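Before any comments, here is the structure.
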Amino acid sequence: MTDADTARLERMSGMLKRRGIVLPAFEIHGGAKGFYDFGPVGGRLRNRVNQTWLDHWLSMGNIVELSCPTVTPYAVLEASGHVGEFSDFMTTCTACDEASRADTLLESYHTNPDALQKDELQALLNQSQPPCPSCGATSWSPVVAQNLMFDTTIGAGASGRPGFMRPETAQGMFTSFPALYRHNRERLPFGAVQIGKGYRNEISPRQGMIRLREFNMAELEYFVNPHETSQHDFSPWDGQAISLVADQKGELRMTFKEAIEANIIRHETVGFFMAKTFDFLTKVGIDHQRLRFRQHEADEMAHYASDCWDAEIHGSYGWVECVGIAHRGCYDLEAHEKATGKTLRARREFDEPHVIEIDGWTTDGSKAGPAFRALAGAVKAAVEQLSADEQFPQTLHLESGEQVVVEAEHVKRVQRTETVSGEWYIPHVVEPAFGIDRIIWHILDHAYDESGKEDEIYTTLRLNERIAPVDYCVFPLFEKDGMGEMAQSIHAKLCMKAATVSMYDSSGSIGRRYARADEIGVPRCITVDHQSLEDQTVTVRMRDTGEQHRIHIDEI
RNA sequence: GCGGAUAUGGUGUAGUGGUAACAUAGGAGGUUUCCAACCUCUUGUCGCGGGUUCGACUCCCGCUAUCCGCACCA
Numbered sequence: 017m018t019d020a021d022t023a024r025l026e027r028m029s030g031m032l033k034r035r036g037i038v039l040p041a042f043e044i045h046g047g048a049k050g051f052y053d054f055g056p057v058g059g060r061l062r063n064r065v066n067q068t069w070l071d072h073w074l075s076m077g078n079i080v081e082l083s084c085p086t087v088t089p090y091a092v093l094e095a096s097g098h099v100g101e102f103s104d105f106m107t108t109c110t111a112c113d114e115a116s117r118a119d120t121l122l123e124s125y126h127t128n129p130d131a132l133q134k135d136e137l138q139a140l141l142n143q144s145q146p147p148c149p150s151c152g153a154t155s156w157s158p159v160v161a162q163n164l165m166f167d168t169t170i171g172a173g174a175s176g177r178p179g180f181m182r183p184e185t186a187q188g189m190f191t192s193f194p195a196l197y198r199h200n201r202e203r204l205p206f207g208a209v210q211i212g213k214g215y216r217n218e219i220s221p222r223q224g225m226i227r228l229r230e231f232n233m234a235e236l237e238y239f240v241n242p243h244e245t246s247q248h249d250f251s252p253w254d255g256q257a258i259s260l261v262a263d264q265k266g267e268l269r270m271t272f273k274e275a276i277e278a279n280i281i282r283h284e285t286v287g288f289f290m291a292k293t294f295d296f297l298t299k300v301g302i303d304h305q306r307l308r309f310r311q312h313e314a315d316e317m318a319h320y321a322s323d324c325w326d327a328e329i330h331g332s333y334g335w336v337e338c339v340g341i342a343h344r345g346c347y348d349l350e351a352h353e354k355a356t357g358k359t360l361r362a363r364r365e366f367d368e369p370h371v372i373e374i375d376g377w378t379t380d381g382s383k384a385g386p387a388f389r390a391l392a393g394a395v396k397a398a399v400e401q402l403s404a405d406e407q408f409p410q411t412l413h414l415e416s417g418e419q420v421v422v423e424a425e426h427v428k429r430v431q432r433t434e435t436v437s438g439e440w441y442i443p444h445v446v447e448p449a450f451g452i453d454r455i456i457w458h459i460l461d462h463a464y465d466e467s468g469k470e471d472e473i474y475t476t477l478r479l480n481e482r483i484a485p486v487d488y489c490v491f492p493l494f495e496k497d498g499m500g501e502m503a504q505s506i507h508a509k510l511c512m513k514a515a516t517v518s519m520y521d522s523s524g525s526i527g528r529r530y531a532r533a534d535e536i537g538v539p540r541c542i543t544v545d546h547q548s549l550e551d552q553t554v555t556v557r558m559r560d561t562g563e564q565h566r567i568h569i570d571e572i
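Quick note on my numbering: the first sequence kicks off at 17 and runs consecutively.
Here it is as C-alpha cells:
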C-alpha cells in the first residue's frame with residue numbers, strides 16, 4: 017500500500033467513524049478486537065444490503081428464507097466436521113504458564129505434526145519432551161483442543177450441555193433439510209437462504225472489517241439432483257467478459273458460458289451462481305472492474321468439494337475474498353445422516369421402472385429360528401446371498417467365522433418379480449457464501465470519492481441509490497418566512513412513507529448542508545426556497561451531478 | 001502468538017513533572033436568494049489500571065486497542 021493509499025484509508029476510516037457508519041465496538045470500555053458497530057447511518061446501510069441480497073435470491077422463485085439459531089449444540093458441529101477442523105491443540109508449560117501449540121513444539125520431532133490427532137500429539141509430546149520456548153522447562157500439561165469456535169454451555173449446572181456459537185449459517189439449513197424438502201413438494205432443485213451472525217474466535221483479527229470475530233454472513237444452499245444435468249440460461253451475461261483466475265491457468269477473461277464450455281468452471285450450476293453473484297455485487301455498487309473470480313487450487317479446496325470459486329474484490333487491502341461459491345457434493349447431508357441415522361434424501365423416479373427378478377432362498381423362520389437361535393439372523397443373511405441352484409443340506413461359513421449346517425427344512429425358495437420405480441439419493445449442494453461485512457467495506461471503499469484541492473478535500477459517498485442509508489435530505493433555504501415549516505412538513509411526509517428515510521437539516525449554509533449529505537451518500541436533497549412558498553414547488557438536487565430541477569411537492 | 005511503532009475534544013494534530021492548545025466538526029443566534037462563506041456566543045479531550053512523586057497527560061510497569069512486518073487463516 018502506498019503512503020497516499022494509507023492516507024486515503026485513514027481519512028475514510030475517520031469519516032466512517034465520525035459520521036456513524038462503521039466504528040469500533042465497545043470503545044468507551046477500551047474496545048474489543050475483531051468487533052465493529054454499524055452506527056446510526058451504517059445500520060441502515062447494512063440492512064439495505066441484506067434486503068437487496070434477499071430479494072436477489074428470492075426472486076428466483078424456488079428459494080426460501082430461513083432463520084436458524086446461532087447457538088448450536090456440540091453434536092451438530094461435530095457431525096459437520098467443524099469440531100475437528102477448527103481446532104488447534106494447545107498445551108501449557110507447568111513451570112511458566114505459557115501456552116503453546118502442541119504441533120509447533122513438535123516440529124523438530126515429526127515431519128508433519130499438524131496432521132496428528134490429539135492423542136498422537138499427546139504421545140509424541142510425552143515421548144520427546146520439547147523445551148518450553150519461553151522458559152526452557154520440559155513439563156507440559158495435557159494437550160487440550162482449543163477451538164476457533166466460541167464455545168458455550170446450553171443450560172445450567174449438571175444438565176448443561178456443550179455447544180458453540182455457529183461459525184457459519186449453513187449447518188442450520190442442512191439440518192432443516194426435511195422441512196425444506198416437504199415445503200418444496202419434494203421437488204428439486206430448490207434453495208434456502210439465511211442472513212445472520214457467524215462467530216470465529218480468530219487468533220489475530222486484522223485489517224479493520226476484513227477479519228472479524230463476529231460477522232454478518234449471507235449463505236445460500238442450493239440443493240440439486242446430481243442425476244439431472246442442469247440447464248441454466250446464461251444469455252443475460254452474453255458479451256460480459258469476466259476476470260477468472262483459474263487453477264493452473266492464471267488469469268483469463270471470458271464469459272461465464274465460455275468458461276463452462278471450456279470446462280474451466282467445472283459445474284454449470286456453480287457457473288450460474290457465479291453469474292448471479294456478479295449481478296448482485298454490481299447491483300450493490302461494487303465496481304465490476306475490481307471484481308474477479310479465483311478458483312481454489314486442488315490442495316486448497318476442502319476434500320469434499322469438487323469445485324470452488326471465490327469472488328474477490330480489490331480495495332484498499334488488495335484482493336480480498338468476499339464470496340465463496342463451492343460445490344459441496346453430498347458431503348453435508350451425508351455427514352448429518354451418518355451422525356443421526358435420519359434420512360436426508362430426495363426421491364427420484366426412474367425413466368423406466370427397474371424390473372428385478374428375484375429367484376433365491378430365504379430362511380423359514382419357524383424352523384431356522386429355534387435351530388440356530390442367536391445365529392438365526394446371520395444365517396438368514398447368508399442364505400439370501402445364495403443363488404437359486406444351491407442344494408441343501410449344505411455347510412455355510414458365516415461372517416463371524418462360525419459354521420452351520422443348513423437343512424432343507426430351514427429354507428424356502430423365493431421367486432418373485434419386483435418393480436422398483438425410483439430411488440432415494442442424497443442431493444448435492446452448491447453453496448454461495450457471502451461475507452456481508454467485507455462486501456460493505458468494499459462498497460464503501462469503491463464509493464468513497466475525494467475531489468477538490470489537497471487542503472480542502474470534498475468527500476462524496478457515491479452509493480448506489482438502492483442501498484444508500486438516507487434517501488432524502490430536506491432543507492429550508494432559510495429557516496424563516498415559513499420555509500422552515502414547509503420543509504418540516506415535507507420531511508414528515510417522507511418519513512411516513514414505508515422504507516423511506518429522510519433527514520431534516522437547517523443549520524449552516526446551504527452549501528455546507530449539501531456537503532454533509534454528500535458525505536454519507538444521500539442521493540437527493542430537497543430544498544424549500546422563497547418560490548416554494550408561492551407555487552408549492554421545491555428544488556431537487558442530485559448528489560452525483562449537482563444538477564437541480566424544480567418539481568411540485570406532490571410529485572415527491 | 002512473536003517483533004516494532006502508536007494512543008491528547010466527534011475528526012486531524014501541537015504540547016508540558018505544576019489547572020492542556022490549534023484547526024476542523026457540533027449546538028444557539030445573526031447574516032446571506034442554492035453548493036464546506038462570514039460574525040457572536042457555546043459544548044466537548046490526555047485509552048484503562050497500578051507505581052514513582054507534594055503533584056503524572058508527561059517518567060516507570062502491566063493491560064487494552066490501533067497500525068506495520070512475521071506466523072496463522074473450512
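Each residue gets a CB set at the ideal place from its N, CA and C atoms; glycine is no exception. Only a predicted model underlies this, so the values are computations on that prediction, with no experimental measurement involved.
Assigned secondary structure, residue i (DSSP; H/G/I helix, E/B strand, else coil)
i, result
"Met519", "strand"
"Gln564", "strand"
"Pro221", "coil"
"Cys489", "strand"
"Met499", "helix"
"Asp295", "helix"
"Ala362", "strand"
"Gln256", "coil"
"Phe166", "coil"
"Pro448", "strand"
"Glu434", "strand"
"Ser453", "Per the sequence shown, residue 453 should be read as Asp rather than Ser. Of the three classes helix, strand and coil, the one that applies to Asp453 here is helix, per DSSP."
"Met512", "helix"
"Arg557", "strand"
"Ile281", "coil"
"Tyr464", "strand"
From the options, residue whose alpha carbon lies closest to that of residue i
i, options, result
"Ala362", "Thr169, Gly77 and Gly438", "Gly438"
"Ser192", "Arg177, Met181 and Ala208", "Ala208"
"Cys84", "Gln138, Leu164, Glu184 and Thr108", "Glu184"
"Glu81", "Tyr90, Thr88 and Asp71", "Asp71"
"Gln210", "Tyr197, Glu237 and Ile473", "Glu237"
"Met165", "Phe231, Gln223 and Ser322", "Phe231"
"Tyr215", "Thr168, Ala23 and Glu123", "Thr168"
Rounded C-alpha distance that separates residue i from residue j
i, j, result
"Thr378", "Leu360", "31 Å"
"Val420", "Leu412", "5 Å"
"Glu368", "Met181", "47 Å"
"Thr154", "Arg117", "14 Å"
"Lys265", "Arg310", "11 Å"
"Ser332", "Trp457", "10 Å"
"Arg27", "Trp73", "35 Å"
"Ala574", "Pro485", "Because the chain is modelled from 17 through 572, residue 574 falls outside the range shown and cannot be assessed."
"Ser548", "Met499", "8 Å"
"Val336", "His199", "37 Å"
"Asp521", "Arg529", "7 Å"
"Arg566", "Lys469", "31 Å"
"Val218", "Arg227", "With the sequence shown as reference, residue 218 is identified as Glu, and Val is not the correct amino acid for it. In a straight line, the C-alpha of Glu218 is about 8 Å away from that of Arg227."
"Gly373", "Glu434", "First, the amino acid is wrong: residue 373 is Glu here, not Gly. One C-alpha to the other measures close to 6 Å."
"Pro386", "Phe408", "18 Å"
"Ile473", "Gly527", "14 Å"
"Ala278", "Glu447", "22 Å"
Residue range of the unbroken beta strand (DSSP E) whose run includes residue i
i, result
"Trp335", "Gly334 to Gly345"
"Phe231", "Glu230 to Val240"
"Gln311", "Leu307 to Gln311"
"Trp325", "Asp323 to Gly331"
Range of the contiguous alpha helix (DSSP H) that encloses residue i
i, result
"Ala533", "Ile526 to Glu535"
"Gly179", "First-last for Gly179: Arg177 to Met181, but that is the beta strand (DSSP E), not the alpha helix (DSSP H)."
"Pro386", "Gly381 to Phe388"
"Leu479", "Note, Leu479: premise wrong, no alpha helix (DSSP H); not H, not E."
"Gln547", "His546 to Asp551"
Integer Cβ distance of residue i from residue j, believed to fall under 8 Å
i, j, result
"Tyr52", "Leu61", "So it is not a contact: roughly 13 Å between Cβ atoms."
"Ile280", "Leu260", "7 Å"
"Asp465", "Thr476", "5 Å"
"Val427", "Asp380", "6 Å"
"Leu140", "His126", "6 Å"
"Arg538", "Cys489", "Reading off the sequence shown, one finds Val at residue 538, where the question assumed Arg. That pair is a contact at about 5 Å."
"Asn66", "Ala174", "Not quite, the Cβ-Cβ distance comes to about 40 Å (not below 8 Å), so this is no contact."
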